[in-house]
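Residue numbers (the numbering used here): 45 to 137.
Following this line, the structure appears as structure tokens:
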């Protein structure tokens, strides 16, 4: 590409704001943290469900134990998640 004069140069030049270039790296980091949080939540719920199911099946029949284990693990998961978020907020203050 050959530039004939400075007017041609200024028409084809693109300007970037410094803040725009910096937001891309932070948004990528935020995206990765969000993905990691998603998979940690799944893993935590799965571990709780497996432990409670194993424990309840050893005490009662499987037809009753599996739904109870699912409900209990969901309640414990939500309580742990809320407790951890409150704990982090207290630590940050």
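By construction, the Cβ of each residue, glycine as well, lies at the ideal position given by its N, Cα and C atoms.
For residue i, the first and last residue of its enclosing alpha helix (DSSP H)
i, result
"residue 104", "Note, residue 104: premise wrong, no alpha helix (DSSP H); not H, not E."
Status (buried if at least 16 other CB within 10 Å, exposed otherwise) for residue i
i, result
"residue 117", "buried"
"residue 113", "buried"
"residue 80", "exposed"
Coarse secondary structure for residue i, derived from DSSP in three states
i, result
"residue 58", "coil"
"residue 133", "helix"
Would you check if the stretch 95-112 and the stretch 126-134 touch, i.e. whether three or more CB-CB distances between them fall below 8 Å? For the pair of segments examined, the stretch 126-134 was found not to touch the stretch 95-112: the number of CB pairs separated by less than 8 Å stays below three.
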